[in-house]
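Q:
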Amino acid sequence: MGYAYYTVTRADGTEIEAGYDVTATCEQVGCTEEIARGLDNLCGSEPGAPEDGCGGYFCSRHLGYRDWESEEPQPENCKSCFEKRD
513 MGYAYYTVTR ADGTEIEAGY DVTATCEQVG CTEEIARGLD NLCGSEPGAP EDGCGGYFCS
573 RHLGYRDWES EEPQPENCKS CFEKRD
């Protein structure tokens with residue numbers, strides 16, 4: 513599977529285009545930053561409906577929350593998903 517372009521079915525059934533070659537806007541309300549829908553901008557560990565995030569795509573200002581003290585690998589999360597973990 514290539515990661516430049518693929519489709520993702522979200523938990524609500526909506527199908528979106530994703531991949532590092534797909535441009536979009538950060539999904540944080542009010543943010544207009546242009547991003548790529550690549551894995552590096554994904555909240556959670558896998559596209560679609562990950563158990564460890566919302567599956568949204570965010571710019572670097574709105575993604576990057578994780579438990580830095582954990583010895584286990586942690587996916588990056590948006591602020592909302594990170595706060596739900598507590």
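Take the position in the sequence shown, starting the count at 1, then add 512; the result is the number in the numbering used here. Yeah, the Cβ is synthetic: ideal placement off N, Cα and C, and Gly gets one too.
#1: Compute the beta-carbon to beta-carbon distance between G560 and Y532, rounded to the nearest angstrom, for a pair I have assumed lies under 8 angstroms.
#2: Would E584 and Y577 qualify as a contact pair, given that the criterion is a beta-carbon distance under 8 angstroms?
#3: Over the uninterrupted beta strand (DSSP E) stretch that includes E527, give me the two end residues.
#4: Could you give the distance in angstroms between the alpha-carbon of C593 and the alpha-carbon of C566?
#5: Excluding the five sequence neighbours on either side, which residues of its own chain have a C-beta within less than 8 angstroms of the C-beta of R522, listed in chain order?
#6: For A548 and V541, what's the separation of their Cα atoms in angstroms?
A: Judging by the given coordinates:
#1: Working through the sequence shown from its first residue, we reach residue 560 at position 48. Working through the sequence shown from its first residue, we reach residue 532 at position 20. Contact flag wrong, Cβ pair sits at about 16 angstroms.
#2: Against the sequence shown, residue 584 aligns to sequence position 72. Against the sequence shown, residue 577 aligns to sequence position 65. No, these two residues do not count as a Cβ contact at 8 angstroms.
#3: Locating residue 527 in the sequence shown gives position 15, where the first residue counts as 1. Looking at the DSSP string, the run of the beta strand (DSSP E) that includes E527 is E527 to T537.
#4: On the sequence shown, residue 593 is found 81 positions in, with the first residue counted as 1. On the sequence shown, residue 566 is found 54 positions in, with the first residue counted as 1. Taking the straight line joining both Cα atoms gives about 7 angstroms.
#5: Counting from one through the sequence shown, the residue named residue 522 turns up at place 10. Around R522: I528, G560, A561 and G567.
#6: Within the sequence shown, residue 548 is the residue found at index 36, counting from 1. Within the sequence shown, residue 541 is the residue found at index 29, counting from 1. Taking the straight line from one Cα to the other gives about 17 angstroms.
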